[in-house]
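Peer 1:
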Amino acid sequence: MSTSYDSVVVDHFTARAGHYDHSSSWCTDEALGQRVWALTAPGPDARVLDVACGTGLVSRVFKGRVAEIVGVDITPAMYEQARPHLDRFVEGPGESLPFADNTFDVVTCRQGTQFMDDAAAIREMFRVVKPGGRVCVINLCAYSEADRKEYFESLRLRNPARKNFYMREDLQRLFEQAGGHDVVVHDYISIEDVDVWSDNKAISEARREGIRNVYRNGSAGFKQHHAVQITAEGRIVDHMLFGIAVGHKSEPSAG
């Protein structure tokens, strides 16, 4: 069922859709995609679900290498761009995935759960993955309490539709609460030009300047964790942390 919040998310990503693939270096970072591939390790007969597939940036990693890659999303302007990279698409929300239990071998979601009831969405991912299958969720995270407040403020300014903000331990907890087993949260660093990253075509120049000021006026802890660099030309470079959470669904007991 669509909600008023869903409409906020759809409006935000409709504004961003035409520029989305160029809105940050991580969007088209092949090394990040291959890290996801390696951590999920699907076989050639695998069925893979990409939740909040957007323009299909994660789906492209799996297309042609597995038996089926399926996308689910709620924003037409985004998912229409994903269709060439999918074998099948189904419109629907992450919190109520329109698939039967135990359908997929791998379920992925990159930068999607921050716009959802994340606990419900991750429970759904574990519901639709097969016993023994893997769930992989990739999100930008604060490094520690030292950068948490300032980094979350920059994320909030960049994306007013966002409602969830993460540290690595949050992803670990969400997976374990959803029934995930052998959960590990891996680190991945993405080097971003903050001016490019903030220019998502959906926020005002005042918000972009607010983001720059977070970096210019950041605490020593924030600047150290993010290895912030400000060039002679005034460009700001951040080393952003992704948490890549991977867990599997337990096999039914023999008894």
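Read in order, the letters of the sequence shown are residues 819 to 1073 in this note's numbering.
Cβ coordinates follow ideal geometry from the N, Cα and C atoms, glycine included.
1) Any idea if N977 is buried or exposed, counting beta-carbon neighbours within 10 angstroms, 16 or more meaning buried?
2) Determine the extent of the beta strand (DSSP E) in which A1063 is found, giving its start and end residues.
3) What residue range is occupied by the uninterrupted alpha helix (DSSP H) comprising K1041?
4) Between the beta-carbon of T931 and the beta-carbon of A870, is there less than 9 Å?
5) Could you give the residue range of the beta strand (DSSP E) that holds N1031?
6) Per the DSSP calculation, L989 is bridged to which residue(s)?
7) Determine whether the beta carbon atoms of H830 and A979 lie at a separation below 9 Å.
8) Does the Cβ-Cβ distance between K1041 and V953 come in under 9 Å?
9) If the criterion is Cβ atoms closer than 9 Å, does the pair V1032 and S962 meet it?
10) Would you mind listing the beta strand (DSSP E) stretches within the stretch 907-951 that are 3+ residues and don't spill past its ends, in chain order?
11) So is M819 buried or exposed if we call it buried at 16+ other beta carbons inside 10 Å?
12) Determine the burial state of A849: buried for a count of at least 16 other Cβ atoms within 10 Å of its Cβ, exposed for fewer.
13) Name the DSSP beta bridge partners of L867, please?
14) Nearest to R906 by CA position, among T1049, L875, V890, G951, is which residue?
15) Take D1011 as the anchor and find which of H1044, S1022, Q995, L992 has the nearest alpha-carbon.
16) Are the beta-carbon atoms of M896 and V925 separated by less than 9 Å?
17) Assuming the contact rule is C-beta atoms closer than 8 Å, S1022 and F1060 should be a hit. Round their C-beta distance to whole Å, please.
18) Quickly, what does DSSP pair V953 with across the bridge? List them, please.
Peer 2: Working from what's here:
1) For this step, residue 977 is matched to residue 159 along the sequence shown. It counts as buried.
2) For this step, residue 1063 is matched to residue 245 along the sequence shown. It spans 1054-1066 - the beta strand (DSSP E) in which A1063 sits, taken as one unbroken run.
3) In the sequence shown, counting from the first residue as 1, residue 1041 sits at position 223. First-last of the alpha helix (DSSP H) with K1041: 1038-1043.
4) Position 113 of the sequence shown, counted from the first residue, corresponds to residue 931. Position 52 of the sequence shown, counted from the first residue, corresponds to residue 870. In contact: T931 and A870 (Cβ atoms closer than 9 Å).
5) Translated into the one-based positions of the sequence shown, residue 1031 becomes position 213. Segment 1023-1034 is the alpha helix (DSSP H) holding N1031; no beta strand (DSSP E) there.
6) As a first step, residue 989 is located in the sequence shown; it is residue number 171 there, counting from the start. Partner(s): none; L989 has no beta bridge.
7) The sequence position of residue 830 within the sequence shown is 12, counting from 1. The sequence position of residue 979 within the sequence shown is 161, counting from 1. Result yes, Cβ atoms of H830 and A979 sit closer than 9 Å.
8) One-based indexing of the sequence shown puts residue 1041 at position 223. One-based indexing of the sequence shown puts residue 953 at position 135. No, they are not a contact pair.
9) Walking along the sequence shown from the start, residue 1032 turns up at place 214. Walking along the sequence shown from the start, residue 962 turns up at place 144. Their beta carbons are not under 9 Å apart, which means V1032 does not touch S962 by this criterion.
10) 922-928
11) Within the sequence shown, residue 819 is the residue found at index 1, counting from 1. Low local confidence applies: a pLDDT of 43 at M819 is under 50, so the model's placement there is unreliable, with the coordinate-based value given in what follows. The residue in question, M819, is exposed, as its Cβ has fewer than 16 Cβ neighbours within 10 Å.
12) Looking up residue 849 in the sequence shown gives position 31. That one is exposed.
13) The residue labelled residue 867 in the question sits at position 49 within the sequence shown. According to DSSP, which records beta bridges pairwise, L867 is partnered with V888, V925.
14) For this step, residue 906 is matched to residue 88 along the sequence shown. Nearest C-alpha to R906: V890.
15) Your numbering for residue 1011 matches position 193 in the sequence shown. Among H1044, S1022, Q995, L992, the Cα nearest to that of D1011 belongs to H1044.
16) The residue labelled residue 896 in the question sits at position 78 within the sequence shown. The residue labelled residue 925 in the question sits at position 107 within the sequence shown. No, they are not a contact pair.
17) Your numbering for residue 1022 matches position 204 in the sequence shown. Your numbering for residue 1060 matches position 242 in the sequence shown. So it is not a contact: roughly 27 Å between Cβ atoms.
18) Taking the sequence shown and counting its residues from 1, one reaches residue 953 at position 135. Paired residue(s): V925, G1065.
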